[in-house]
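Protein chains in written order, with the numbering used here: chain A, 79 to 235; chain B, 4 to 273; chain C, 64 to 853. Cβ atoms here follow ideal geometry from the backbone N, Cα and C, with glycine treated the same way. Being a predicted model, the structure only gives us computed values, none of them experimental. Report on the following structure.
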Amino acid sequence: MRVELTVNGQNKAADVEPRTLLVHLLREDFGMTGTNVGCDTSSCGACTVLLDGESVKSCTVLAAQADGRSVTTIEGLASADGTLHPLQRAFQENHALQCGYCTPGMVMVSMSILAENDTLDEATVREGLEGNLCRCTGYHNIVKAVLAAKEEMGAEL
Amino acid sequence: MYPSSFEYARAATVAEAITMLSSDEDAKVLAGGHSLIPLMKLRLASPSMLVDIGRISDLSYVRKDGDQIAIGALTRHRDLETSELLAREVPVLSRVAGQIGDPSVRHAGTIGGSTAHGDGAADLPAALLALGATMVVQGPSGNRTVPAAEFFKGFLETALAPDEILTEIRVPTGFSKFGFQKFNRRAQDWAIVGVVAVRSDRTNVSFINMGPTPLRASAVEERLAAGASVEEAASVADEGTSPSADINASVDYRRHLARVLVQRALSELG
Amino acid sequence: MTDPVQQEQIIGKRRIRREDPKLLSGENRFADDLVVPGALHLVLVRSPHAHARIQRIDVSAAKSMPGVVEVFSGKDLESEWAGPMPCAWPVTAEMKNPAHYPLAVEYVHYAGEGVVAVVARSQVEAVDAAGAVIVDYEELAPVLELEEAVKDTALAHEDLESNTSFVWALEPNPEAVDAAFRDAAVTVSERFVQQRLIPAAMEPRAMVVVPSPMGGDYTVYSSTQIPHVLRVMLALTAGISETKLRVIAPSVGGGFGSKLDVYAEELLCLALARRMRQPVRFTEERGEGTMATIHGRGQVQHIELAANADGKVTAVRVKLLADMGAYLQLVTPGVPLLGAFLYHGVYDVGAYSFTCTGLFTNKTPTDAYRGAGRPEATYAIERAMDSLARRLELDPAEIRRRNFIAADKFPYESVAGLVFDSGSYHANLEKALDKAGYSDLRREQEQRRAAGNPRRLGIGVSCYVEMCGLAPSRVLASLNYGAGGWEAATVRILPTSKVQVVTGTAPHGQGHETSWSMIVADKLGISPDDVEVLHSDTAIAPYGMDTYGSRSLSVGGTAIYLATERVIEKAMKIAAHQMEVAEEDLEYVGATFRVKGSPEQQLPLAAIAFEAFTAHNLPDGLEPNLEASISWDPPNFTFPNGTHIAVVEIDEETGRVQLVRYIAVDDCGNQINPLIVEGQVHGGITQGVAQALYEEALYDSSGQLLNASLADYLVPSACEMPSFELDSTVTPSPTNPLGVKGVGEAGTIGSAPAVINAVVDALSDLGVTDCPMPATPERVYQLIQQASSK
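Here is the structure:
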């Protein structure tokens, strides 16, 4: 079947089997390998992307379900000139990543956390991250980074 | 993991979806997919066809209808969580929906999908049971309604026929007070045991994961109705339940949790 | 007056990582991200049984499935192997090591062992076809529990006469141990279980082997911690000349020891690429990785303490049963040995004895997992010290004070034969107690107890020392390890004076590129941005011993430091020649060579670099180019140490344990980049807390892993963790010129005993003295019930 969607503002299309998951569409058909697969039970969140602006686990969404919709991946956050998004910068400045495998998912779910909360405190951030697992950082610096990004971005959102 | 192969059909209307379902007895309805796709990836479910009802535009709503709140089957957990109408009229549903899975799951999963899946370990079915909700079901021969108490039949089994679709859930208003206790080891996990308590002129209590289906805590309700104290009622909470043992809890511990959590949920009612 | 060219200190400053922008924008490449035209996909059919004989394999249906290229059984591939899969650590001469091949041939010995290899054009087609392979098994009785395995009533391997792989003992003074126990005023005897853990690096293992078009040469991309070791082992096992193999570890998404191994799938991809003359790739699914990637821990520990009436420990005696799992992987038998010398912890004890029995079971093989042997040792002694404190009605802090190795005793020759480099254990403890507000916490605990508050408070103290900086090669030889412990580095100053560093370490999240550039930049007086760091490719960095055991900085970083020194020495010769002065009259400051006493006479490093490149005017006999290569073998281990304090609340009615505060004071010697040090400690603590409260590989009585997914195996999330309160002490290690010790494992080593000591402490007024790991709500609830009913 044919799916057509917008990925990071670009129109994309592919012919896929119905059983193709959104994460496979992104990685295998579009070559966008920033989105990672860390489990097979919707538990780890490494595959998190934004679908119409909201975080979803792209391993639990069929490509067909994303047809006609808008997807944002980790590749779509920095400016065209390579300038990192304030959230990406906050992750770097706060050492919120080590091996970096969970990072795209962490960043994308954090985009939703930032968008959905006018104010943030540590508990809210931790609850927002509950569906994303990290084995390296102990979350301490990820939480700091999201709070710092909120501070930095303030009214932008 | 990859699901087994299946055919995919997208329905524009409920009627079209029913026709599609009627054409293939192994077909399954796809809403948000967050109950079904995980099972298909593990190949615990291998439907021959998925009928995607996700694009049916008029199935996502929360609106007041007399002394009931009507909720479209495609309303996502996130929409329940943030609905001001629901927060005012049936606050327990906002709270319960806001603790399902994790935020990304709540952006995709729907109340209809969760309810039609009928998992005794899921949160919303138990809440709907406590509220005495009514399921509006559409099939080839038209609409029918099923009370929540008759909807959940067995392990992952509901009153829905294979060619029927749950279209709306009707919830009575008036349960302004509630208690909700979800006990798990990790925030994202299913409840080891959960308790939903709601109160209007009476107090209804239901369990998450104390049996193959969501269960009303009948013993508790009866004791309360007879004027028993919270402690007395909670002390018999596990009567009539049939919890199973798994890697997270033994049967006895689940029964104990049921008693503790009922007491806590009832205390939240004030 | 400040010297205008005085160089800026770089070491010790917090510096954000150069690795991050690519990882943060999806530009880096993990192994599964690599696009390889024509790559075939390998999927394995795995044994569903823990122990069985293979009766029949029928691949006919699978072979005719769409996209399937070939299907192989273990027998089909027997001719591919020059030998069985490697174990590099035969800890004793008599050690039993059952033959282990990438695919099982006649018997399977754990659920998850590979039986059939399906090769197809896409992964999804290979998965579909794997489902059509039929294997008939005759089930055999599985051996699952250590205390049963040691009795040999059933055998994990039908052709071995015993489940015991080896018995290894360290008994330097058995008479003294016996005497100490005979004369003791108090003794403590405890049995602890180190449950099996699943490492669960977030990146599942992935690899692709690309043969050269005409065959003969192979490039192996693998998510491994050990590209160098892997190259040697693949060459030996697959019978391919080492010169024909290039191993590259691309971005690697965490390892924690689980990628410190040589895996069946790596060998299969290589052999199948050779056989089929086409690239072959494999990417593990999580549900199989939990069974097919090594597990950690898995021990039953018996620890006894003898002490005098003041609580001074006079002897420690340890007997260990260690679970090897079904086979010996790369360093499986050696893991308990890495703890064997440390069961007396940070305490000055008179006598010591340790014996370990390595046992086979029909479970996934174990191997190194973050800390490898040292978390187990620390757990046993720190739990036992709390038991001793309870026996003597002493505060846990006080029993430790009375037994610490004093700061003035370093270098300290331990009763187990090690020489601890440096430390101030008292200072760690007092700093941590102070930071925790220990006396206030104790007061609050008393108040809650007096009030009958059902939210019980527990405070747990754990002091640790570990040995890392693996390792002096001669020591490894004495332990029968099959390789050395050195590390290699090359430092080159390029014609434009930019610097290229080649390291034998293989980072997978540790930020080596950033830290190594800081070491070199600090020494050379240049910006770290002008230093590139190359690694993890055997064609670029041919020598290396890779990254594990908190070794990379203390061994690899030191090699880089020494190579930099050597480059400066060579540059000094060129500078002296150019400036026509004696070398000893020159000094090197701020990337400039200048004459001592008359700093206006100077030449910048850049000028010397260019001279070395053009070679137009070099001293007689001096080779062109500014380059130095070093292989550094450390003279000793390093001994990071610290005190950790956990504060927990226990809900008496449900048994739920909530970690509410965590305080850690660590001494990892000098810190190169404190930002990275803290990150390592955070992650380490979390893995130890996970062992204490959440994680355990659970098997049923038939040997099935019950929690093979991340939905069931409880890697904790942000919601289960508090923010951490960190501090440090610094006693530079005299073992290396950087004065560093290593910090990758420290958090994991200190934390599990701190948390369980806190759990037991919270319940101690009920008479609870032990809580098995993980301290699940149900377990804790039962402990409270049992104690209350007494």
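Is the CB of A/Ile-191 under 9 Å away from at least one CB in chain B? yes
Within 10 Å of its beta-carbon, does C/Met-277 have 16 or more other beta-carbons around it, so buried, or fewer, so exposed? exposed
Cβ separation of C/Thr-377 and C/Ala-414, assumed to be a contact under 8 Å, to the nearest whole Å: 7 Å
Mind checking which residues open and close the alpha helix (DSSP H) that includes A/Gly-206? 200-206
Does the segment 124-133 of chain A come within contact of the segment 21-39 of chain B, defined as at least 3 CB pairs closer than 8 Å? no
Chain-ordered chain A contacts of C/Gly-742 [CB-CB under 7 Å]: His-173, Gln-176, Thr-215, Asn-219
Take C/Pro-797 as the anchor and find which of C/Ser-123, C/Val-409, C/Ala-584, C/Pro-474 has the nearest alpha-carbon. C/Pro-474
Going by DSSP in three states, C/Glu-234 sits in which element: helix, strand or coil? coil
Would the segment 70-81 of chain B and the segment 197-212 of chain B be scored as touching if the rule is three or more Cβ pairs under 8 Å? no
Residues near B/Arg-257 in its chain [Cβ-Cβ closer than 6 Å; skip 5 each side]: Val-196, Pro-246
Element boundaries [beta strand (DSSP E), containing C/His-707]: 704-714
If I measure Cβ to Cβ from C/Leu-481 and keep anything under 6 Å in the same chain, skipping five residues before and after, which residues do I get? Phe-404
If we define contact as Cβ-Cβ less than 9 Å, is B/Ala-190 a contact residue for chain A? yes
Mind listing the chain A neighbours of C/Glu-774? Cutoff is C-beta to C-beta under 7 Å, in chain order. Just to set this straight, residue 774 of chain C is Ala in the shown sequence, not Glu. Result: Thr-119, Ser-121.
Taking the alpha helix (DSSP H) that B/Asp-68 belongs to, which residues open and close that run? First-last for B/Asp-68: 65-68, but that is the beta strand (DSSP E), not the alpha helix (DSSP H).
Considering only DSSP beta bridges, list what C/Glu-550 is partnered with. C/Trp-695
May I ask you to report which of helix, strand or coil DSSP gives A/Leu-235? Below a pLDDT of 50, predicted positions are generally treated as unreliable, and A/Leu-235, at 48, falls in that range; the measurement from the model is reported next regardless. Three-state DSSP puts A/Leu-235 in coil, outside helix and strand.
Taking DSSP's pairing of strands, which residues face C/Met-339 in a bridge? C/Met-339 pairs with nothing; no bridge assigned.
Ordered list of beta strand (DSSP E) runs contained in the segment 616-694 of chain C, each at least 3 residues: 649-652, 655-658, 661-667
Is A/Leu-83 closer than 9 Å to A/Val-139 when the C-beta atoms are compared? no
How long is the line joining the alpha carbons of C/Ser-285 and C/Leu-299, rounded to whole angstroms? 17 Å
Check whether chain C comes within 9 Å of B/Ser-8, counting only Cβ atoms and requiring the distance to be less than that. yes
Is the shortest distance between the beta-carbon of B/Ala-119 and the beta-carbons of chain A less than 9 Å? no
Could you run through the segment 104-129 of chain B and flag, in chain order, every residue whose CB is less than 7 Å away from some CB of chain A? Gly-104, Asp-105, Pro-106, Ser-107, Val-108, His-110, Ala-111
At a CB-CB cut-off below 9 Å, which residues of chain A make contact with C/Pro-267? Val-115, Gly-116, Cys-117
Element boundaries [beta strand (DSSP E), containing C/Ala-469]: Per DSSP, C/Ala-469 belongs to no beta strand (DSSP E) and is neither H nor E.
Closer than 8 Å: A/Leu-140 CB and nearest the ligand HEM heavy atom: Judged by which ligands are present, the structure shown has none, so any question about the ligand HEM falls away.
Own chain partners of A/Val-85 with C-beta closer than 6 Å, once the 5 adjacent residues on each side are dropped: Val-149
Stretch-stretch touch, CB-based, cutoff 8 Å, three pairs: the segment 259-269 of chain C with the segment 419-437 of chain C: yes
Drop a sphere of 10 angstroms on the beta-carbon of B/Arg-307, count the other beta-carbons inside from all chains shown, and report buried for 16 or more, exposed for fewer. This structure cannot settle anything about residue 307 of chain B, because the visible part of chain B is limited to 4 through 273.
Determine the DSSP secondary structure at C/His-365, reduced to helix, strand or coil. strand
For the beta strand (DSSP E) that B/Ile-59 lies in, which residues bound it at each end? First-last for B/Ile-59: undefined, no H or E at that position.
Assigned secondary structure, C/Asp-280 (DSSP; H/G/I helix, E/B strand, else coil): coil
Cβ neighbours of B/Phe-178 in the same chain (closer than 7 Å, five flanking residues each side left out): Val-93, Val-95, Leu-134, Val-201, Arg-202, Ser-203
Along the chain, where does the alpha helix (DSSP H) containing B/Tyr-274 start, and where does it finish? The structure shown does not extend to residue 274 of chain B, since chain B spans only 4 to 273, so no value can be given for it.
Please state the DSSP three-state secondary structure of C/Ile-73. coil
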